[in-house]
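If you're matching positions, the sequence shown starts at 7 in our numbering and goes up one per residue.
The C-beta atom is built at its ideal place from N, Cα and C for all residues, glycine as well.
Bear in mind the structure is a predicted one, so any value in this text is a computation, not a measurement.
Following: one structure in structure tokens, then a few remarks.
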Amino acid sequence: EGGSAEAVMNYAAYDIDGPPAKYAAAAAKLHRVIVRVGPGEVLYIPFGWWHQVRAVPAENGLCASAAAFYEPFFCRLQPKSMTCPGPLLVNPKYKELCRRLKLDESDSEG
Numbered sequence: 007e008g009g010s011a012e013a014v015m016n017y018a019a020y021d022i023d024g025p026p027a028k029y030a031a032a033a034a035k036l037h038r039v040i041v042r043v044g045p046g047e048v049l050y051i052p053f054g055w056w057h058q059v060r061a062v063p064a065e066n067g068l069c070a071s072a073a074a075f076y077e078p079f080f081c082r083l084q085p086k087s088m089t090c091p092g093p094l095l096v097n098p099k100y101k102e103l104c105r106r107l108k109l110d111e112s113d114s115e116g
């Protein structure tokens, strides 16, 4: 619950190859890096990096990709109306773990 009230800052709100008119100027300023991943290679995309994936079949017509998703320990939760990233926080999904490890207590030594 509550996920719909927050923005996920590593997803674009549009297709960068065909942005809506109101995003066209911003999309034109994006620095694009094209990477071709070959057989046996892996591309790691760090948390929070915007990316777009396009699969291109090999000469024999085969094409495959795999993705692994995880819940990052840190996240940025903020109203969708904010245009810049909010503070980096511990992901609420790890609240119980932090409580058990006593990581949610303030530093008593100052």
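Annotated three-state conformation of C81 is strand, per DSSP. Taking C-alpha positions only, L83 is separated from L95 by approximately 8 Å. Relative to P98, the option among P25, C81, A70 whose CA is nearest is C81. Runs of beta strand (DSSP E) with 3 or more residues, each lying fully within the stretch 28-71, are absent. Closest in alpha carbon position to Q58, among A64, V41, F79, G46, is V41.
Inter-residue distance for S87 and E65 is about 45 Å (C-alpha atoms, whole angstroms).
For K108, there is no enclosing alpha helix (DSSP H), as DSSP marks it with neither H nor E.
Shown here for S71: same chain residues with a beta carbon closer than 6 Å to its own, the five before and five after excluded, namely A61 in chain order.
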